[in-house]
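Read top to bottom, the protein sequences are chains H, Y and L.
Following full-length UniProt numbering, the numbering of the first sequence begins with 1 at its first residue and continues without gaps.
Following full-length UniProt numbering, the numbering of the second sequence begins with 1 at its first residue and continues without gaps.
Following full-length UniProt numbering, the numbering of the third sequence begins with 1 at its first residue and continues without gaps.
Yeah, the Cβ is synthetic: ideal placement off N, Cα and C, and Gly gets one too.
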Amino acid sequence: MSAGIVTHGLTKVFPPPSRLFRKRPPAPAPAVDGLSLAIPPGAVTGLLGLNGAGKTTTIKMLATLLRPTTGTATVDGLDVVRDAREVRRRINLIAGGERMVYARMTGRENLWYFGQLYDVPRAVLKRRIDELLDLVGLREAAGTLVERYSRGMRQRLSIARGLINAPAYLLLDEPTLGLDAPIARDLRGVVADLAESGVGVLLTSHYLAEVEQLCRHVHVIDRGSLVAAGSPAQLTAGTRLPYSVELTLTAPAPDATKAVEELAARAGAEVRHDTDPEGRPRVTLRHPDDLAGELTTTVVRAGGAIARVEVAPPTLEDAILAMAAR
Amino acid sequence: MPTALPTMRRNWLVTLRAYPWTYFIGTVATGVLTVGLAYLAFHAIGGGQVSAGFLADGGTGDYLGYVTVGAAALMFATRMVLWVAKAQITEQREGTLESQLLAPARRLPYLVGVGLQAFTTTVAEVAVMLAFAIAIGVRLPAPDPLALLCAIAAVGVAVFGLSVPLSAIMITVGEAHITQNTLFVGMALLCGFTFPPAMLPDPLRWLGEALPLTSGLRALRDAALHHAPVGAVLPDLLICAGLGAVYLAAGLRLLGPAERIAVQRGGAA
Amino acid sequence: MSAAWRVVVAEAFKQHRRIFGTKLVVFSMLVWPVLTLATAYYTILPVTAAPGAAARWPLVADPQRLAAFLAAGALAYTFFFSLVQSAWHFSFERVSGTLEAIFLTPASRLALVIANGSGALVQNAWLFGAFAVAAATATGTLHVAHPGMYLVALAALLVPAIAWGAFLNSLLMFSRDSAFLYTLLDDPLWFVAGVRLPLFALPLWVKAIGLAFPLTTSLAILRGALLDARDASDLGGELALLAALSVVLLALTAVTLRIGERHAQKTGSLQLF
Chain H
1 MSAGIVTHGL TKVFPPPSRL FRKRPPAPAP AVDGLSLAIP PGAVTGLLGL
51 NGAGKTTTIK MLATLLRPTT GTATVDGLDV VRDAREVRRR INLIAGGERM
101 VYARMTGREN LWYFGQLYDV PRAVLKRRID ELLDLVGLRE AAGTLVERYS
151 RGMRQRLSIA RGLINAPAYL LLDEPTLGLD APIARDLRGV VADLAESGVG
201 VLLTSHYLAE VEQLCRHVHV IDRGSLVAAG SPAQLTAGTR LPYSVELTLT
251 APAPDATKAV EELAARAGAE VRHDTDPEGR PRVTLRHPDD LAGELTTTVV
301 RAGGAIARVE VAPPTLEDAI LAMAAR
Chain Y
1 MPTALPTMRR NWLVTLRAYP WTYFIGTVAT GVLTVGLAYL AFHAIGGGQV
51 SAGFLADGGT GDYLGYVTVG AAALMFATRM VLWVAKAQIT EQREGTLESQ
101 LLAPARRLPY LVGVGLQAFT TTVAEVAVML AFAIAIGVRL PAPDPLALLC
151 AIAAVGVAVF GLSVPLSAIM ITVGEAHITQ NTLFVGMALL CGFTFPPAML
201 PDPLRWLGEA LPLTSGLRAL RDAALHHAPV GAVLPDLLIC AGLGAVYLAA
251 GLRLLGPAER IAVQRGGAA
Chain L
1 MSAAWRVVVA EAFKQHRRIF GTKLVVFSML VWPVLTLATA YYTILPVTAA
51 PGAAARWPLV ADPQRLAAFL AAGALAYTFF FSLVQSAWHF SFERVSGTLE
101 AIFLTPASRL ALVIANGSGA LVQNAWLFGA FAVAAATATG TLHVAHPGMY
151 LVALAALLVP AIAWGAFLNS LLMFSRDSAF LYTLLDDPLW FVAGVRLPLF
201 ALPLWVKAIG LAFPLTTSLA ILRGALLDAR DASDLGGELA LLAALSVVLL
251 ALTAVTLRIG ERHAQKTGSL QLF
């Protein structure tokens, strides 16, 4: 039995809506196309793509809410179609937004309700509800009807619901969408801790900084197919995106400027001259390698006095945008 | 009528585009089944006869004609109330109430516009039910046309008048379902749609007289079943239209405060 | 089994929270049925008091028995209609996203829809039930063969109602136009089930349609047991039919749930029709 979530050639084609007395339109393009992924336990794995890339469809297939058209997905060796019921015990899904909880029940009652549906042992359930309420910061509001909750509170409750069965695998579909910044930060902490304790997490998010911070491994999909995979650092390096080095001089220095031009020509870097808000001369080099060291050495040797140097390495966001543009 | 006619046209367009079939079937079914029930009871239980009490209180032996006119009127009233009274709360739910309130147009012409459109739609729907009644053998004697038209107009005014305070209640409490259905079942019991109100205990009878539809129905039946000329039904017509005007005036006064409360609550309903 | 029982408990509690103490339950389960009952009584009175009517329908000789007959109809109808209402409400869970949250869990879908129906029934119908019992006791219109028949009547009302509720839940869960079904099952239901008329007054084809609805037979047993002092052996045929109907409804529910969920997994929309 293989641990983790494993998919082989996972494909989903949504049938066109059938209308009475009307010819069926031709089958649309697959939403997910031959996707093979591995989501190991004890780590956060990222799933990235542009809108409509098939992320949510993939997650719903893993959550048993959708059936793959072809291909397989297994959770600890259990098939998501054949062994759906057993898979449901081991997984849970948290989607962004404040849906999936009942407005007419209190926060605690919502968690109790779903705990019953998951058949969580009674003694465990009571303790777990308290722990989860603490975790999402709803202990004080536990006895309040959800209809009086703010949007953020509902979403936090929705997160606690997703943890009520202590899932071995957690599928997170844009979990921080619309959350206040401090709460989103807390949630990232929770996700990291869960992974540390052995939970396998699959995360999709628009906030690529979030993915960069949390994920050991990232899959990038476009139009339903895998286009790249690796650690955030590998993905960024793989795209050969430029570092941006910005150097500000204390005063104009023609020799230094000339030396920088020569350096740029030699290295094949993109160079730009301008002045900073205080009117001091500023030079920016863009190149796939970090040229900060060479640049400062060159300027100092040519007699320039440096006010400040700033280096911006390429981010995962830049990498994803570059991949999408191809 | 610079507001009434555009409103009527807008509602016609909306109706044609997304006709609420469910409501239509629901209302027609209620009317058809009421007549059907009376028909079966009249033949299978009454053996084609009615009680002496009904002859005295209803002033006719034509039980089926009596129930048919009542069922048609109930359908008419129900549909008109659904259109007119719910116009504003629907705007509130769709978030267009505030833009309505921002426009300088006055309430009455707006509601008249809604009412005119509702009237035309409703008449067509009532015709479907009457066709059913005629198909199963109910015969309405040739009525006095002028008196009948006057009675329909008076009932129209009455229902319109009732709808306006109801609209104010709906947008105040932010709820339509309970309010409208309570009015419908109350009306059905008190106003004499399917039986003479004289059969009711006295307190309920007086309560019924406070609703304009009770006198409106008397006029409607006299015109439809007894060839009564306008002169004969005039007192009931005046009571009906007068009471309707009172409800209308009260409703218009209530609408302003109701709208303020509704806006304060914010489109939460 | 204990897992299914826990689903039942949870769902019943959810229904309690949703329904208990709301204004709608007071109106739709007491005020409206009572007013409608009064209207039905007065509407039919002119023909039941007609000369010779008692020869065709002996019960009408006593207006109180006629009222009891109609009240029994209103009671049973209110029970069954409360389930239409709750199934209609259940269909909104699709919109609110909670249906998806439920489908994520391993909970038995059949247990869930049965629990949803029975939970709603208890929350909804106790008010009118209590009213009907009080009215029947006060007017002395009950004629019961032996005390056990109270239990038979109660079971004949509850068991098929719960099966009916489960079936409607499974249907409306996956239906796009739930408002249409809601309308269809309101007025036509009382008409075909003999709620306001004795079955002999209905034409054969209406009776045939009525037999497909458990309300019809349920009501016949309720009236027979509580108003006409018939015992279990008198009502044997009706009881057997009702049991068969309940089993069929539950089987249909299980099938609908399977097809519905599979369809939803295939198309991604929780809509079947």
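Short CB-CB distance (under 8 Å) between residue i and chain L
| i | result |
| --- | --- |
| Gln49/Y | yes |
| Leu66/H | yes |
| Phe195/Y | yes |
| Glu174/H | no |
| Ala29/Y | yes |
| Arg185/H | no |
| Leu93/H | yes |
| Ile25/Y | yes |
| Arg139/H | no |
Other residues of its chain near residue i: CB distance less than 7 Å, five sequence neighbours each side excluded
| i | result |
| --- | --- |
| Leu66/H | Lys12, Thr57 and Lys60 |
| Asp255/H | Ala302 and Gly303 |
| Ala319/H | Leu235, Thr236, Thr239 and Leu241 |
| Ile183/H | Gly152 and Arg156 |
| Glu259/Y | Leu101 and Ile171 |
| Asp62/Y | Leu225 |
| Ala267/H | His287 and Leu291 |
Residues that DSSP places opposite residue i in a beta bridge
| i | result |
| --- | --- |
| Ala38/H | Val6/H |
| Glu310/H | Glu246/H |
| Gly200/H | Tyr169/H |
| Pro281/H | Thr275/H |
Under 9 Å by beta carbon: chain Y residues contacting residue i
| i | result |
| --- | --- |
| Trp57/L | Ala44 and Ile45 |
| Ala53/L | Ile45, Gly46, Gly47, Gln49 and Ser51 |
| Leu202/L | Leu40 and Ala44 |
| Lys23/L | Glu175 and Ile178 |
Beta-carbon neighbours of residue i, restricted to chain L and to distances below 8 Å
| i | result |
| --- | --- |
| Ala63/H | Leu104 |
| residue 369/H | Examination of residue 369/H is not possible in this model, given that chain H is present from 1 through 326 alone. |
| Val185/Y | Val31, Trp32, Leu35, Thr36 and Thr39 |
| Tyr207/H | Simply none; closest approach about 22 Å. |
Residue-level contact to chain Y via CB, residue i, 8 Å cutoff
| i | result |
| --- | --- |
| Arg18/L | no |
| Ile44/L | yes |
| Lys207/L | no |
| Thr183/L | yes |
| Phe81/L | no |
| Ala50/L | yes |
Residues near residue i by beta carbon distance below 6 Å, same chain, minus five either side
| i | result |
| --- | --- |
| Ala229/H | His219 |
| Phe213/L | Ala193 |
| Ala103/H | Val146 and Glu147 |
| Thr72/H | His8 |
Cβ of residue i within 8 Å of any chain H Cβ
| i | result |
| --- | --- |
| Ala10/L | yes |
| Ala107/L | yes |
| Ala7/L | Ala is not the amino acid found at residue 7/L; the sequence shown has Val there. Output row for Val7/L: interface = yes. |
| Phe273/L | Confidence in Phe273/L is poor, its pLDDT being 47 and thus under 50, which makes the residue's placement unreliable; the coordinate value appears in the next sentence. No, Phe273/L does not count as interfacial toward chain H. |
| Val255/L | no |
| Gly260/L | no |
| residue 275/L | There is no way to answer for residue 275/L, as the model of chain L reaches only from 1 to 273. |
| Ala101/L | yes |
Contact list for residue i against chain L, beta-carbon separation under 9 Å
| i | result |
| --- | --- |
| Leu33/Y | Asp187, Pro188, Trp190 and Phe191 |
| Met199/Y | Tyr42, Leu45 and Pro46 |
Cross-chain neighbours of residue i in chain L, by beta carbon under 7 Å
| i | result |
| --- | --- |
| Tyr63/Y | Pro46 and Val47 |
| Ala188/Y | Thr39 |
| Leu148/Y | Neighbours of Leu148/Y on chain L: none; closest Cβ ~23 Å, over 7 Å. |
Under 7 Å by beta carbon: chain H residues contacting residue i
| i | result |
| --- | --- |
| Gly97/L | Arg99 and Met100 |
Residues near residue i in its chain [Cβ-Cβ closer than 8 Å; skip 5 each side]
| i | result |
| --- | --- |
| Ala268/Y | Its pLDDT being 43, under 50, Ala268/Y is placed unreliably in this model, and the coordinates cannot settle the point. |
| Lys266/L | none |
Neighbouring residues, chain Y, relative to residue i (Cβ below 7 Å)
| i | result |
| --- | --- |
| Arg196/L | Leu37 |
Min CB distance residue i to chain C below 8 Å
| i | result |
| --- | --- |
| Gly216/Y | Judged by its chain identifiers, the structure shown contains no chain C, and its protein chains are H, Y and L. |
Interface residues of chain Y facing residue i [CB-CB closer than 8 Å]
| i | result |
| --- | --- |
| Ala179/L | Thr22 |
ask   = Considering only residues of the stretch 62-109 of chain H, which uninterrupted alpha helix (DSSP H) runs meet the minimum length of 4 residues and lie entirely inside it, listed in chain order?
value = 84-90
Ranges of the alpha helix (DSSP H) found wholly within the stretch 203-263 of chain H, counting only runs of at least 4 = 208-214 and 232-238
request  = Starting from the N-terminal side, write out each stretch of the alpha helix (DSSP H) that is 4 residues or longer and does not extend beyond the stretch 172-248 of chain L.
outcome  = 178-184, 187-192, 204-211 and 214-227
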